[in-house]
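Visitor:
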Amino acid sequence: MEHKSVKSERGTTHYWINKREDKNARCIVFTHGLTANHMMFDKQVEYFSNKYTVITWDVPLHGESRPYTDFSYENTAIELKTILDVENIQQVILVGMSMGGYPCQEFAIHYPGKVSAFIALDTTSLGQSYYSTIDRWWIKQVEPMAKWFTDKMLRKSMAKSVSKTQYAYDMILKMLEPLSKADIVEQMGIAYGRVFDRKESVHFNFPVLILVGEYDKTGKVKHYCEEWSKKEGYPLHIIKGASHFSNADNYDDVNKEINNFICGL
């Protein structure tokens, strides 16, 4: 993977690309979750790079894409558009994990002609219609609650709450390692604080697949995924033996699900 970056007045956004020489090769963009970075998709990069152009990136405010001012999911979509313009990539398949689903959806809203498909991986729909007032209130309590944890307890509790396997647990801790507790809390506060910027629900006309871990107990993600699938008619597949970080807990099944979905486009 080649490490590159793009700049805007808000900051520098870092990305990694494995570009196929075959100009007809599809491009998959993997977008990571909150407090994580591009390493979240190591097992997917390994699996898909021999056939597809693959892009991973550190979402603004995360990983090496710090510092970053004026964070919003709309602005993350603009940064992704810049990356694709630099690479002269016209069409992408978006894979967004947890928080990473929101930059993907914003990108698809603003640039629908550039999206071939979207895989929603342990993530939820934009728009307020799925979330009750109390749900929205609890989401905004994540940052103040995190402040009460010691640094060590916060990291371990975060890793334990989203993983079922040792690999996934260790990967979370590895991605958190470069961050201070203040960094983690800041990312939580800003990212969760902007989730409901977009009030209206959105229907996508391109194919969408929802994947969620069998044991995903992060908030009400699994419930929201089920409601999203029912309302919009998007297929929902359960990843066996996996928690919220399903693409690490059971990367074999996630990779097969994504590959089968793409092959069926």
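Under full-length UniProt numbering, think of the first position of the sequence shown as 1, with each following residue one higher. Don't be surprised by glycine CBs; every beta carbon is placed ideally from N, CA and C.
Out of E87, G101, F206 and Q166, state which residue places its alpha-carbon closest to the alpha-carbon of V221.
Guide: Working through the sequence shown from its first residue, we reach residue 221 at position 221. The shortest Cα separation from V221 among E87, G101, F206 and Q166 belongs to G101.
Visitor: Taking contact to mean 3 or more Cβ pairs, one atom from each stretch, closer than 8 Å, check whether the segment 76-90 and the segment 186-198 are in contact.
Guide: Too few Cβ pairs lie closer than 8 Å, so no.
Visitor: Quick one: Cα of F107 to Cα of K164, how far?
Guide: Locating residue 107 in the sequence shown gives position 107, where the first residue counts as 1. Locating residue 164 in the sequence shown gives position 164, where the first residue counts as 1. Approximately 31 Å between the Cα atoms of the pair.
Visitor: How is the beta strand (DSSP E) around K7 delimited, first residue to last?
Guide: In the sequence shown, the residue the question calls residue 7 occupies position 7. E2 to S8 is the span of the beta strand (DSSP E), which, as asked, contains K7.
Visitor: Going straight from the alpha carbon of I258 to that of K174, what length do you get?
Guide: What you label residue 258 is simply residue 258 of the sequence shown in a count that begins at 1. What you label residue 174 is simply residue 174 of the sequence shown in a count that begins at 1. Distance between the alpha carbons of I258 and K174 is about 25 Å.
Visitor: Excluding the five sequence neighbours on either side, which residues of its own chain have a C-beta within less than 8 Å of the C-beta of Q187, listed in chain order?
Guide: Start at 1 with the first residue of the sequence shown, and residue 187 comes out as number 187. The answer, listed in chain order, is L34, T35, L61, H62 and L179.
Visitor: Who are residue 272's beta bridge partners in DSSP?
Guide: With the chain covering only 1 through 265, there is no way to say anything about residue 272.
Visitor: Report yes if the CB atom of Y73 is closer than 8 Å to the CB atom of Y224, and no otherwise.
Guide: Indexing the sequence shown from 1 puts residue 73 at position 73. Indexing the sequence shown from 1 puts residue 224 at position 224. No; because the gap between Cβ atoms is not below 8 Å, this pair is not in contact.
Visitor: Please report the straight-line C-alpha distance between H32 and D170, rounded to a whole angstrom.
Guide: As a position in the sequence shown, residue 32 is number 32, starting the count at 1. As a position in the sequence shown, residue 170 is number 170, starting the count at 1. H32 and D170: Cα-Cα distance of roughly 16 Å.
Visitor: Where does the unbroken alpha helix (DSSP H) through T76 begin, and where does it stop?
Guide: Along the sequence shown, read from residue 1 onward, the residue named residue 76 stands at position 76. T76 -> alpha helix (DSSP H) spans Y73 to E87.
Visitor: Shortest alpha-carbon distance to A242 belongs to which of I172, Y251 and R26?
Guide: On the sequence shown, position 242 is the one that residue 242 refers to. Checked all of I172, Y251 and R26; the closest Cα to A242 is Y251.
Visitor: For H237, which beta-bridge partners are listed by DSSP?
Guide: Counting from one through the sequence shown, the residue named residue 237 turns up at place 237. L211, per the DSSP bridge assignment.
Visitor: By how many angstroms is the C-alpha of S157 removed from the C-alpha of E227?
Guide: As a position in the sequence shown, residue 227 is number 227, starting the count at 1. As a position in the sequence shown, residue 157 is number 157, starting the count at 1. Computed Cα separation, rounded: 27 Å.
Visitor: How about Y47 and C27: do their beta carbons lie closer than 8 Å?
Guide: As a working mapping, residue 47 is identified with position 47 in the sequence shown. As a working mapping, residue 27 is identified with position 27 in the sequence shown. No.
Visitor: Taking 6 Å as the limit between beta carbons, can you name the residues of its chain near T82, skipping five residues before and five after?
Guide: The count along the sequence shown starts at 1 and reaches residue 82 at position 82. Result list for T82: V6, in chain order.
Visitor: State the start and end residues of the unbroken beta strand (DSSP E) segment that holds L94.
Guide: As a position in the sequence shown, residue 94 is number 94, starting the count at 1. Its beta strand (DSSP E) spans residues V92 to M97.
Visitor: Can you list the beta strand (DSSP E) stretches of 3 or more residues lying completely in the segment 159-220, in chain order?
Guide: 208-213, all fully within the segment 159-220.
Visitor: Based on the DSSP output, what are the partners of Y130 in its beta bridges?
Guide: As a working mapping, residue 130 is identified with position 130 in the sequence shown. Paired residues: none, contrary to the question.
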